[in-house]
């Protein structure tokens, strides 16, 4: 890795993040590290000396949005350095470089050394966050990497290396962020359920063991788990969540399809019965929990019958919300070789899933009308309950505060 030219301090830096919570954490860590080396964060990219973009490549739309934003940076700030990192930078670096000779591209593997490459002398102790900019909740990335066999997904190519944050580092970071006023900590990772962090005793600990240590910390705060694959939710984890108010009653479990044939074609490693079992187990021990899902529709082998099966099974499970999105072929994946479905079919199916999601969410919310739950204040007159319902709160309640709220 080549080291870049030294930069004079202070350097004004703007940040733009596309994609997942793990990417958002990575950006905040880069912000903290660059600030320790003389950088000054600015919100307006037109005022920046250095414009840093952390890209996503989970869909073709994500690629397009990144390219459009980089073109905008080049046009609106002709003197700034434009630096792109993240998954799109890892997957298609030449596509970004072709936009302009001014575009500097660094892969995910180069992200750790990016400040030095840009000429910043970073304080060695900046390995975690002490605050999360402009947010009531703070993300803590505890895991990275995925090697799943999904035939449609580019992420195993852009983030292939498994990594878990050491247990004592997680505990220290949570403690620091809670003390800074963040009432909710969101644990995030690419495959969160594969967390295997080194404990202070030198042993490898999984997610449930880590959570047990975290909930034992003093203070009024809670932890939310960002996303867990269905095969990575052991009973131990569910029982732990059921026994404390410091773990949010919310499980986001990617489904993608409820048709076994489509799941097999996708390269997913479970079947609908496995998914149904975990959802029903969560509901048995946490009857008020929200269970949300990702659903990918329009996979090339998804027939109309398979789609109807997915709709019916989701409604039968009574999930509480969906992140529905249409399939888009990712170059370099096996599924990209398949004949795609007509775009109109994808749009129609996506609309039906969104409509179903709205109905499921409304039904779930109706269950709790008149009840009181703990909500995290956003500082804007709104907040979120532990089971992921939006509520109205007095505007004067400080951001990051946990308060009772009647729905």
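Residue numbers (this note's numbering): 13 to 419.
Positions of the beta carbon are idealized from the N, C-alpha and C atoms, including for glycine.
| Thinking C-beta only, is residue 95 closer than 9 Å to residue 118? | Taking the chain shown and counting its residues from 1, one reaches residue 118 at position 106. Taking the chain shown and counting its residues from 1, one reaches residue 95 at position 83. The answer is yes: Cβ separation under 9 Å.
For residue 402, the three-state DSSP class (helix, strand or coil)
In the chain shown, the residue the question calls residue 402 occupies position 390. Three-state DSSP puts residue 402 in a strand.
Quiz prompt | Cross-strand partners of residue 418 (DSSP beta bridge) | solution = Here residue 418 is taken as the residue at index 406 of the chain shown, counted from 1. Per DSSP, 384.
Rounded to the nearest angstrom, what separates residue 29 and residue 42 at their Cα positions? What you label residue 29 is simply residue 17 of the chain shown in a count that begins at 1. What you label residue 42 is simply residue 30 of the chain shown in a count that begins at 1. Approximately 11 Å, taken between the alpha carbons.
- Query: Hey, would you say residue 34 sits closer than 9 Å to residue 132, going by beta carbons?
  - Reply: Numbered from its first residue, the chain shown carries residue 34 at position 22. Numbered from its first residue, the chain shown carries residue 132 at position 120. Their beta carbons are not under 9 Å apart, which means residue 34 does not touch residue 132 by this criterion.
### Message
Considering only DSSP beta bridges, list what residue 217 is partnered with.
### Response
Position 205 of the chain shown holds residue 217. The partner list for residue 217 (beta bridge, DSSP) reads 209.
Taking DSSP's pairing of strands, which residues face residue 63 in a bridge? Here residue 63 is taken as the residue at index 51 of the chain shown, counted from 1. DSSP lists 26, 94 as partners of residue 63.
Where does residue 14 land, buried or exposed, given buried means 16+ other C-beta within 10 angstroms?
If you number the chain shown from 1, residue 14 lands on position 2. For residue 14, the predicted model reports a pLDDT of 42, less than 50, meaning its position is unreliable and no value from the coordinates is stated.
| task | Starting from the C-beta of residue 319, find all residues in its chain whose C-beta is less than 7 Å away, skip the five residues before and the five after it, and write them out in chain order. | result | Position 307 of the chain shown, counted from the first residue, corresponds to residue 319. Result list for residue 319: 309, 361, in chain order.
Quick check: residue 383 and residue 418, are their CB atoms within less than 9 Å of each other? Along the chain shown, one-based indexing puts residue 383 at 371. Along the chain shown, one-based indexing puts residue 418 at 406. Yes, Cβ-Cβ distance for residue 383 and residue 418 is below 9 Å.
Checklist entry - Which residues bound the beta strand (DSSP E) around residue 241? => result Along the chain shown, read from residue 1 onward, the residue named residue 241 stands at position 229. From DSSP, residue 241 is part of no beta strand (DSSP E); its letter is neither H nor E.
Given a cut-off of 9 Å on the beta-carbon distance, is the pair residue 205 and residue 217 in contact? What you label residue 205 is simply residue 193 of the chain shown in a count that begins at 1. What you label residue 217 is simply residue 205 of the chain shown in a count that begins at 1. No.
- From the DSSP output, read off the bridge partner residues of residue 334. Locating residue 334 in the chain shown gives position 322, counting from the first residue. DSSP lists 305 as partners of residue 334.
Note to self: Looking at residue 391: is its Cβ nearer than 9 Å to the Cβ of residue 415?
What the structure shows: Along the chain shown, one-based indexing puts residue 391 at 379. Along the chain shown, one-based indexing puts residue 415 at 403. Cβ distance not < 9 Å, so residue 391 and residue 415 don't count as in contact.
Self-check item: Closest Cα partner of residue 427 within the set 288, 368, 317, 300
Solution: Past the boundaries of the shown model lies residue 427; the chain is included only from 13 to 419, so the question cannot be answered.
How many whole angstroms separate the CB atoms of residue 99 and residue 200, which I take to be in contact at a CB cut-off of 8 Å? Position 87 of the chain shown, counted from the start, is the residue given in the question as residue 99. Position 188 of the chain shown, counted from the start, is the residue given in the question as residue 200. A Cβ-Cβ distance of about 15 Å is found for the pair residue 99 and residue 200, leaving them out of contact under the 8 Å criterion.
On the DSSP letters alone, give me the boundaries of the alpha helix (DSSP H) that residue 368 sits inside. By 1-based counting over the chain shown, the position of residue 368 is 356. Segment 355-379, the alpha helix (DSSP H) holding residue 368.
| query | Between residue 323 and residue 364, is the Cβ-Cβ spacing less than 9 Å? | reply | Taking the chain shown and counting its residues from 1, one reaches residue 323 at position 311. Taking the chain shown and counting its residues from 1, one reaches residue 364 at position 352. Yes. Within cutoff.
task = Can you tell me the Cβ-Cβ gap for residue 78 and residue 32, rounded? I've got them flagged as a contact below 8 Å.
result = In the chain shown, residue 78 corresponds to position 66, counting from 1. In the chain shown, residue 32 corresponds to position 20, counting from 1. The beta carbons of residue 78 and residue 32 sit about 14 Å from each other, so the pair does not count as a contact at 8 Å.
Subject >> Top-ranked residue by Cα proximity to residue 403, from 411, 387, 412, 413 >> reply: Here residue 403 refers to the residue found at position 391 when the chain shown is read from its first residue. Per the Cα distances, 387.
* **Cutoff 6 Å; reference residue 123; Cβ partners in own chain excluding five residues on either side** => As a first step, residue 123 must be located in the chain shown, where it is residue number 111. Taken in chain order, the residues that qualify are 97.
**Message:** Quick check on residue 166: does DSSP put it in helix, strand or coil?
**Reply:** Along the chain shown, one-based indexing puts residue 166 at 154. DSSP places residue 166 in the coil class of the three-state scheme, outside both helix and strand.
Fill in: Option nearest residue 66 by Cα separation, candidates 37, 44, 87
For the purposes of this step, residue 66 is taken as residue 54 along the chain shown, with counting starting at 1. Check the Cα spacing between residue 66 and each of 37, 44, 87: the tightest is with 37.
Using three-state DSSP, classify residue 54 as helix, strand or coil. Taking the first residue of the chain shown as position 1, residue 54 is located at position 42. Correct three-state label for residue 54: coil.
**Item:** Cβ pair count under 8 Å reaching 3, the region 240-252 against the region 135-145
**Value:** The answer is no - the region 135-145 does not touch the region 240-252, with fewer than three Cβ pairs under 8 Å.
Could you tell me the alpha carbon to alpha carbon distance between residue 176 and residue 184, rounded to whole angstroms?
In the chain shown, residue 176 corresponds to position 164, counting from 1. In the chain shown, residue 184 corresponds to position 172, counting from 1. CA-to-CA, the gap between residue 176 and residue 184 works out to about 15 Å.
Query raised in the report: How many angstroms separate the CA atom of residue 102 from the CA atom of residue 72?
Result: Taking the chain shown and counting its residues from 1, the one referred to as residue 102 is at position 90. Taking the chain shown and counting its residues from 1, the one referred to as residue 72 is at position 60. If you take the alpha carbons of residue 102 and residue 72, they lie about 14 Å apart.
Exercise. Can you name the start and end residues of the alpha helix (DSSP H) that residue 276 belongs to?
Worked result: On the chain shown, position 264 is the one that residue 276 refers to. Here the alpha helix (DSSP H) through residue 276 covers 272-278.
Checklist line | Cut-off 6 Å between Cβ atoms - residues of its own chain near residue 279, not counting five sequence neighbours on either side | finding: Translated into positions along the chain shown, residue 279 becomes position 267. Its chain contains 161, 162, 163 as the residues whose beta carbon lies nearer than 6 Å to that of residue 279, once the 5 sequence neighbours on both sides are disregarded; these appear in chain order.
Please report the distance separating the alpha-carbon of residue 202 from that of residue 269. For the purposes of this step, residue 202 is taken as residue 190 along the chain shown, with counting starting at 1. For the purposes of this step, residue 269 is taken as residue 257 along the chain shown, with counting starting at 1. Looking at the backbone, the Cα of residue 202 and that of residue 269 are separated by about 19 Å.
Residues bridged to residue 291 (per DSSP):
Within the chain shown, residue 291 is the residue found at index 279, counting from 1. In DSSP, residue 291 forms no bridge with anything.
* If you pair each beta-carbon of the region 334-353 with each one of the region 298-317, do three or more pairs fall below 8 Å? -> Yes, since at least three Cβ pairs between the region 334-353 and the region 298-317 fall closer than 8 Å, the two stretches touch.
inquiry  = I need the boundaries of the beta strand (DSSP E) containing residue 188, first residue and last residue.
reply    = Along the chain shown, read from residue 1 onward, the residue named residue 188 stands at position 176. Careful: residue 188 lies outside any beta strand (DSSP E), inside the alpha helix (DSSP H) at 179-191.
State the Cα-Cα distance for the pair residue 393 and residue 195, rounded to the nearest angstrom.
The residue you call residue 393 lines up with position 381 of the chain shown. The residue you call residue 195 lines up with position 183 of the chain shown. Going from the Cα of residue 393 to the Cα of residue 195 covers about 16 Å.
Can you grab the Cα-Cα spacing for the pair residue 192 / residue 40, in whole Å?
Here residue 192 is taken as the residue at index 180 of the chain shown, counted from 1. Here residue 40 is taken as the residue at index 28 of the chain shown, counted from 1. Here the alpha carbons of residue 40 and residue 192 stand approximately 15 Å from one another.
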